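Basically my numbering = 1-based index in the sequence shown + 1.
In this text, a Cβ means the ideal position worked out from N, Cα and C, and glycines have one as well.
Computed from a predicted structure; not experimentally measured.
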Amino acid sequence: AGIHSLVWEEAQITAGVDPDFHRRDMYDGIEAGAFLEYELGIQVMPDDGTDSFEGIDLLDPTKIVPEELAPVQLIGKLTLNGNPTNFFAEVEQVAFHTGHLVPGIEVTNDPLMQARLFSYLDTQLTRLGGPNFAQLPINRPHAPVNDMLRDGMHQTAIHTGVAPYRPNSIDGGAPEVATVQEGGYVQVPRPIEGVPVRAHAASFDDHFSQPTMFYRSLSEVEQQHIVEAYTFELGKCYEQPIKERQLEVLANVDADLCAQVAAGLGLPAPKGTPAQDVVLSAALSQVVTAPGPIAGRKIGVIADTGSDLAGIGKLRTAMDRLGAEVLVVAPVGGVLGRGARKVNVDRTLLTTRSVEFDAVVVAGGTTPTNDIKLILLLQEAFRHCKAMGAWGNGAAVLQGAGIALDGAGVVVGNSVAKAFTGELTAALGLHRAWDRAAEVMGSAVPPATG
């Protein structure tokens, strides 16, 4: 459902309460059938021999080409549809290498890429105990291989033939390199001109146009996040000259950015010369304006012994159809139920935090309480601009935590009707209620309702 990030405080909390949060979220999603999908896209630019496009040095790894200048063309999709059964054998022993290419893809003369072509191989030799790491099951090719690498530690293959080199006359010239028709990898010849020198191209001296493009392409909320991040990091620096020099750098990126950070540090904002005519790229912003799919999202439902269990069941059914997961959060574990209707408790207020959920909903019939753990969970979710909701008198629980029922991204209904689930789905599809950001930015708790 696009690209999303944790907000700053959310990331800090997550690192403390569950360092394996992202891995667990991925594994749980795959196990539930909400497979992770990554689309592969390419940007196509004319090869005129200059290694540049629209004034952008394509060999400079610190530069990007805006999608508005070279649209991304999707050519494939990677789907993660299964979890490892043996973490060491299938994850720890994987040998990633930038030189593992398929026909049709070649490396550029990017200096960083060229260094990695060497360093990745050098790393695998050490990390995986020798040159035969490609014979480990997770790295082994599906097709049979008969090459000339026959020695070294951990050699597991028994090669045929007597000549581990080519050309040779004693083994009929075998093994032979596969041809293009046989699916072999063939490099495309390309002329190269120039004098090797230990220097950077002049385009490397353009330090500011792309940071300016990045900052000005963001939404106001994201720009505020950048301001707060700089203010926090520089606020933790106790060397005054370093703060002043960094403000001079920011002054050449954007005057408003520099002024806000300087104000937060209590320092004067220096003058700079930021670029004025940069191309803006909407693709750099993560804020979405139209609801997307909610498959894989998690909704925490606050409940207790008096809650509307039938309503929880209806909500779970509605969310299941869309691929989202409902988790019941109660004061204690076990089962909530009266008579034939029962609901299992998935989390307790002691074992969970708001960071585990994409939305938090209070079930009707839930008793208002002063439990600080519940209030903290609700206030955190509100402060992190997550979708929130309540039906019936569950709304009183939200109000008890100081959350306005008419706030952005807050869905309230009399029951779990179609309208309620529809609004909640739309709020979830936006990922965050960014219209709430100005209200809670920098606040420890949401404003009281009176």
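Measuring only the C-alpha atoms, how far is residue i from residue j?
i, j, result
"residue 15", "residue 404", "23 Å"
"residue 117", "residue 327", "44 Å"
"residue 148", "residue 119", "20 Å"
"residue 152", "residue 158", "10 Å"
"residue 432", "residue 388", "8 Å"
"residue 54", "residue 417", "54 Å"
"residue 115", "residue 300", "46 Å"
"residue 436", "residue 411", "11 Å"
"residue 367", "residue 329", "12 Å"
"residue 229", "residue 295", "29 Å"
"residue 434", "residue 20", "26 Å"
"residue 250", "residue 274", "10 Å"
"residue 132", "residue 123", "9 Å"
"residue 256", "residue 206", "20 Å"
"residue 226", "residue 180", "53 Å"
"residue 39", "residue 80", "6 Å"
"residue 105", "residue 46", "15 Å"
"residue 360", "residue 221", "23 Å"
Are the Cβ atoms of residue i and residue j separated by less than 8 Å?
i, j, result
"residue 293", "residue 3", "yes"
"residue 244", "residue 235", "yes"
"residue 219", "residue 286", "yes"
"residue 42", "residue 76", "yes"
"residue 479", "residue 248", "Not covered by the structure: residue 479. The range shown for the chain is 2 to 451."
"residue 362", "residue 391", "yes"
"residue 213", "residue 279", "yes"
"residue 325", "residue 422", "no"
"residue 102", "residue 216", "no"
"residue 203", "residue 140", "no"
"residue 210", "residue 276", "yes"
"residue 200", "residue 138", "no"
"residue 398", "residue 303", "yes"
"residue 298", "residue 379", "no"
Determine the extent of the beta strand (DSSP E) in which residue i is found, giving its start and end residues.
i, result
"residue 339", "336-339"
"residue 38", "37-44"
"residue 81", "73-81"
"residue 177", "It is not in any beta strand (DSSP E) - residue 177 carries neither H nor E in the DSSP assignment."
"residue 326", "326-331"
"residue 531", "This structure cannot settle anything about residue 531, because the visible part of the chain is limited to 2 through 451."
Could you give the residue range of the alpha helix (DSSP H) that holds residue i?
i, result
"residue 426", "419-430"
"residue 298", "Run containing residue 298: none; DSSP gives neither H nor E here."
"residue 64", "No alpha helix (DSSP H) contains residue 64, which DSSP labels as neither H nor E."
"residue 9", "9-18"
"residue 282", "Counting along the chain, residue 282 falls outside any alpha helix (DSSP H), and DSSP gives it neither H nor E."
"residue 120", "112-128"
"residue 32", "22-32"
"residue 322", "310-322"
"residue 94", "Where residue 94 is concerned, there is no enclosing alpha helix (DSSP H), given that its DSSP letter is neither H nor E."
"residue 357", "No alpha helix (DSSP H) contains residue 357, which DSSP labels as neither H nor E."
"residue 440", "438-441"
For residue i, count neighbouring Cβ atoms within 10 angstroms of its own Cβ and tell me buried if that reaches 16, exposed if not.
i, result
"residue 171", "exposed"
"residue 174", "exposed"
"residue 154", "exposed"
"residue 167", "exposed"
"residue 1", "A query on residue 1 cannot be resolved here, the shown segment of the chain reaching from 2 to 451 and no further."
"residue 241", "exposed"
"residue 13", "exposed"
(request) Give, in chain order, every unbroken run of the beta strand (DSSP E) that is at least 3 residues long and sits entirely within the stretch 360-418. (result) 360-363, 388-392, 411-414
(request) Entirely within the stretch 155-241 and at least 4 residues each: give me those alpha helix (DSSP H) ranges in chain order. (result) 210-218, 221-236
(request) Would you mind listing the alpha helix (DSSP H) stretches within the stretch 248-278 that are 4+ residues and don't spill past its ends, in chain order? (result) 256-266
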